[in-house]
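Down below is the structure, laid out as structure tokens.
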Amino acid sequence: MPENETLHDLGLDEYKYGFVDEEKHVFRTKPGLTEEVVRQISAQKDEPEWMLEFRLKALGIYYSKPMPTWGGNLSDLERVLGEIYFYVRPQDKMEHSWDDVPEDIKTTFERLGIPEAEQKILAGVGAQYESEMVYHSLKKEWEDKGVIFDSIEEGLKNHPELFRKYFGTVIPSQDNKFAAMNSAVWSGGSFVYIPKGVELGTPLQAYFRVNQERMGQFERTLIIADEGSHAHYIEGCTAPVYSTESFHSGVIEIIVHKNARFRYTTIQNWSNNMYNLVTQRALVHENASMEWLDGNLGSKLTMKYPSCFLVGEGAHGEILSIAYAGNGQHHDTGGKVVHAAPRTTSSIVSKSISRGTGRSSYRGLCKIYEGAKHAKSNVECDALLINDTSRTDTYPYIEVDERDANVGHEATVSKVGDEQLFYLMSRGMSEEEAMALIVRGFIEPIAKELPLEYAVELNRLIDLEMEGSVG
Amino acid sequence: MNETTAMDPTILDPENTTATAPEGVTDTLNREKVEAYSAPEPAWLKERRMHAWEVYEQTPMPTTRLEEWRYTDLKEKLDLDTLAWPEVTECADDFGACPEGLQEAMRADRAASGHVWEIDGIVFHIDLEDDLAEKGVVLTSLRRAVDSHPQILKEYLATEAVPPESGKFEALNGALWTDGILLFVPRGVRLDLPVRVTRWASQAGVSIFSRTLIVAEPGSQVSLVDEILSDDFDAQTFVSDAVEVMAKDGAQVQYVSLQRLGRGAFYQSSQRTLAQRDSTLDTLNVSMGASTARVDLNARLLGPGANSDMLGLYFGDDNQHFHHNTSQDHVAPNTSSDLLYKGALDHNSRSVFRGIIKVHPKAQKTDAYQTNRNLLLSDDARADSLPNLEIQADDVRCSHGATVGQLDAESRFYLMSRGLTREQAERLVVLGFLGEVLSRLPLGGVVEKVTNVIEEKLRQV
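Residue numbers (the numbering used here), protein chains in the order written: chain A, 1 to 471; chain B, 1001 to 1461.
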């Protein structure tokens, strides 16, 4: 650890991606969500008729479902949803060459360090600005092997059969109110196909940026990892700090076929005025493996529970979740594992830190269906409280319908130990430095799971803040 | 894939929980019944019952849309409309004339400080060691206490611990309780032996409402073993309990509930314990009988230094459904609680454990633990476990754990290698699994009694 580093220096409480660029767009809908808005979005995208029908049906489902009364405080959300723009088109078309991206948008992403990272370590990069992907590229060697890494709109246009076979199958519109909303107004996101047996050595990465004030972003990602393939997808999110709330509600569907391995990493660092309500789910087939690595640092309220539905024999699901809730933030996060086949295994590890008036809640489900013989699942949750105004909750649901299964759940809550502090301070550290070291030690079991590439990105989000300068 | 899961926002739908017409008003459970029942009672009690009835009418019947009732569907499990009011027969205070099952349970009891026998919600026998009575210990029926100890009832009965506002069934019990037990232990008095309460339900197709009130004054010590049992019923029988336990400063109280009702019973028990400064208030809930058993236990730690051990044990077979809903409320600083609920489930039986540790904002230096372990003995058994934490103070040590698993094959193999049959080995492993709970509450007679019941159940496996 660098010398004289304090908890404050970890930078978790500060937000350095809050800069605002001038609002420019070629089209945007009126504030609020109406049938007209849905039709306009569909028309803007020049979609096939079935997609418009799909959207309109989802809108009806959205209207019919009540606002959740569990989880975070959504009492203001009705008002917020009436004020935000559901669709903002920043430019006319998506670019595949970085040079063609409009200068101001380019500058924004350059400030976030994207082209640089792409050069060095990534197999492909996508960037979404407001409602549309503005840039998508994939290294040629992977393109040649049949890998598809496109915006979701291009996926629908260029690969209609593959798209239609899987779209909306993992997370149907009926799943929950916000999945229905996303299904009605989705825009942007990635379409990924990894062909049989292809192993991507380096990750694919997507960046999501909301610049417009009172903006709703609804990206939709569909990933198909075919038999025996192997890949890693990373998403990062940032937005400027406005006094009004913004809204982000993504739907991520992943199909992991037989013997494939897929890892999905999120570094969510939205500004503290963002509602972040996301549905992420993977369908995991025979002997396949799915890993969710979920880091929640930003947003006002996040409700997100990455899920693994283990439907093939021997499937494995893993969810690693880390949440940091500073002043005024609430992370209601966790994971769901559903065992629906024999010899399936899963593990959820959740670590959360609450500081100031922050609140972290773990909410998770472990369900073992009858017939999922020899299923095994283990859940571990640890919460660290920094101040006496901080709060943490744990709400696990364990449902076991099969005798030959083993399920365990454990959670602990603690504060930074006086003894640990005292020891480090006796070694010459200030209290703040000691605190920072302990916090780092606490998240280490998850941080060490990050691939090197990811660590680069996480360092951008945390360490750069520490030094007090971005771009 | 589209089944309702924990995250489905439709689970809690406020629009559907607002009741229009009062729910649960039947030919026998109605305002007229409360009025008639309380007619001979003093005004304060009558008022209290009528208030409870008001609350009952205003409270909607819990549905699976409520988190606390998600896994127990009352629509499916309970039909209040079929319930008659029990024949109130004043039983003769004669051991030999008691139902055989009741006699058997009483004979198995060891020495006690006092006894209470109750049939169908009416107490018909009470005895208490003379020297304890001289020291001011009160052990009496609630009906008698209305005349003999009105002050205690006015202060504690359905006020602080289980007021009608606690919920639908608590309100119903508050309006219609027929009798129950008052145990009052004065300051500094210690009872070496437990008080034994044995309750019997004899009539099928009726509803029975009883209450227990225990007040332990500062520095006193007492344990009460509350056993309820019956034969099997050929029609649904509703047995409702409300248990209120107060441990004042430095008091030590143990409350043990042993539920062995016959099949056909719907057992509903609301228990709340209030632990003041430096008191110890321990509970044990053993659920063996009834078709459906729902126990709500709320331990409130109200004074610094208060401690509650909360133990639970259940063994289900056939179609039994157990639902234990517990909460550990740490209100004051420097309090501790430790919960351990263990259960085995055979055949089609099902158990739900939902527990929550709540550490209130000022309850620093809290130690709170919660463990629920389940053993599934059959392919068709099911166990759901929801151990929750809500922590609003930072200087705390809290943890919880929950497991669901099958019989430990290695232990069984070891025992079989020592010459035991498979059945014997399994029996022993189950007994050992459940025995951990009993070993933590060494109360004379209870361990043997519970072990016998478990062994009886295991013989049917």
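Glycine included, each C-beta is placed from N, C-alpha and C at the ideal position.
What you are looking at is a predicted structure, and each value in this text was computed from that prediction instead of being measured.
TODO: Measure from the C-beta of Val413 (chain A) to each C-beta in chain B and report whether the shortest distance is under 8 Å.
DONE: yes
Task: Backbone CA spacing between Glu22 (chain A) and Ile252 (chain A) [nearest angstrom] - done: 30 Å
Task: Backbone secondary structure at Val20 (chain A) - three-state DSSP - done: coil
Open item on the list: Measuring only the C-alpha atoms, how far is Asp226 (chain A) from Leu1074 (chain B)?
Closed with: 46 Å
Task: Classification of Arg263 (chain A) by the beta-carbon crowding that lies within 10 angstroms, buried from 16 upward - done: buried
TODO: Drop a sphere of 10 angstroms on the beta-carbon of Leu1066 (chain B), count the other beta-carbons inside from all chains shown, and report buried for 16 or more, exposed for fewer.
DONE: exposed
Task: Continuous beta strand (DSSP E) stretch holding Trp98 (chain A): start and end - done: Where Trp98 (chain A) is concerned, there is no enclosing beta strand (DSSP E), given that its DSSP letter is neither H nor E.
Open item on the list: DSSP has Gln280 (chain A) in a bridge; who is on the other side?
Closed with: A:Ile252
Open item on the list: One question on the structure: do Ala1332 (chain B) and Ala1306 (chain B) come within less than 8 Å of each other, judged by their Cβ atoms?
Closed with: yes
Open item on the list: Please tell me whether Thr1237 (chain B) and Gly1205 (chain B) are closer than 8 Å, where the distance is taken between their beta carbons.
Closed with: yes
Task: Inter-residue Cα distance where the pair is Lys351 (chain A) and Ala184 (chain A) - done: 34 Å
Open item on the list: Strictly under 8 Å for the Cβ-Cβ distance: is Ala1265 (chain B) near chain A by that measure?
Closed with: no
Task: Inside the segment 161 to 201 of chain A only - beta strand (DSSP E) runs reaching at least 3 residues - done: 190 to 194
Task: Proximal chain B residues relative to Glu399 (chain A), where beta-carbon distance stays under 7 Å - done: Asp1384
TODO: Look at the alpha carbon of Leu1458 (chain B) and the alpha carbon of Arg1427 (chain B), and state the distance between them as a whole number of angstroms.
DONE: 6 Å
Task: Length-filtered (4 minimum) alpha helix (DSSP H) runs lying within the segment 1084 to 1145 of chain B - done: 1100 to 1107, 1130 to 1134
Open item on the list: Suppose contacts are defined by Cβ-Cβ distances below 8 Å. Is Gly334 (chain A) in contact with Gly364 (chain A) by that definition?
Closed with: yes
- [ ] Step through the CB atoms of chain A and report whether any lies within less than 8 Å of the CB of Asn1452 (chain B).
- [x] no
Open item on the list: Buried or exposed for His96 (chain A), going by 16 or more other Cβ atoms inside 10 Å?
Closed with: exposed
Open item on the list: Please confirm whether Asp393 (chain A) has its beta-carbon closer than 8 Å to some beta-carbon of chain B.
Closed with: yes
- [ ] Over the uninterrupted alpha helix (DSSP H) stretch that includes Gly82 (chain A), give me the two end residues.
- [x] 77 to 83
- [ ] Would you check if the distance between the CB atom of Leu297 (chain A) and the CB atom of Gln268 (chain A) is smaller than 8 Å?
- [x] yes
Task: Outcome for Ser1291 (chain B) when other beta-carbon atoms lying within 10 angstroms are tallied against a minimum of 16 - done: buried
TODO: Within the segment 1184 to 1272 of chain B, note down every full beta strand (DSSP E) run reaching 3 residues or more, in order along the chain.
DONE: 1195 to 1201, 1207 to 1216, 1221 to 1230, 1237 to 1247, 1252 to 1260
Open item on the list: Does chain B have any CB closer than 8 Å to the CB of Ser390 (chain A)?
Closed with: yes
Task: Residues that Ile386 (chain A) contacts on chain B, provided the C-beta gap is smaller than 9 Å - done: Asp1394
- [ ] Please state if the CB of Ile234 (chain A) and the CB of Thr265 (chain A) are separated by a distance shorter than 8 Å.
- [x] yes
Open item on the list: Using a Cβ-Cβ cutoff of less than 8 Å, which residues in the same chain neighbour Leu1420 (chain B) once the five nearest sequence positions on both sides are dropped?
Closed with: Leu1428
Task: Residue interval of the alpha helix (DSSP H) (run including Asn158 (chain A)) - done: 152 to 158
Task: Within chain A, the residues that Ser1399 (chain B) reaches when beta carbons sit closer than 8 Å - done: Glu410, Ala411, Thr412, Val413
Open item on the list: Could you give the first and the last residue of the continuous beta strand (DSSP E) run that contains Trp292 (chain A)?
Closed with: 289 to 296
- [ ] Could you tell me whether any non-hydrogen atom of the ligand ZN is closer than 7 Å to the CB of Arg89 (chain A)?
- [x] Absent from the structure shown: the ligand ZN. Ligands present: none.
TODO: With a threshold of 16 other CB atoms inside 10 Å of the CB of Asn1298 (chain B), please say whether the residue is buried or exposed.
DONE: buried
Task: C-beta atoms of Leu1345 (chain B) and Ala1381 (chain B) nearer than 8 Å - done: yes
Open item on the list: Taking contact to mean 3 or more Cβ pairs, one atom from each stretch, closer than 8 Å, check whether the segment 1259 to 1270 of chain B and the segment 1229 to 1246 of chain B are in contact.
Closed with: yes
Task: Thr1403 (chain B): contacting residues in chain A (beta-carbon distance under 8 Å) - done: Asn406, Val407, Gly408, His409
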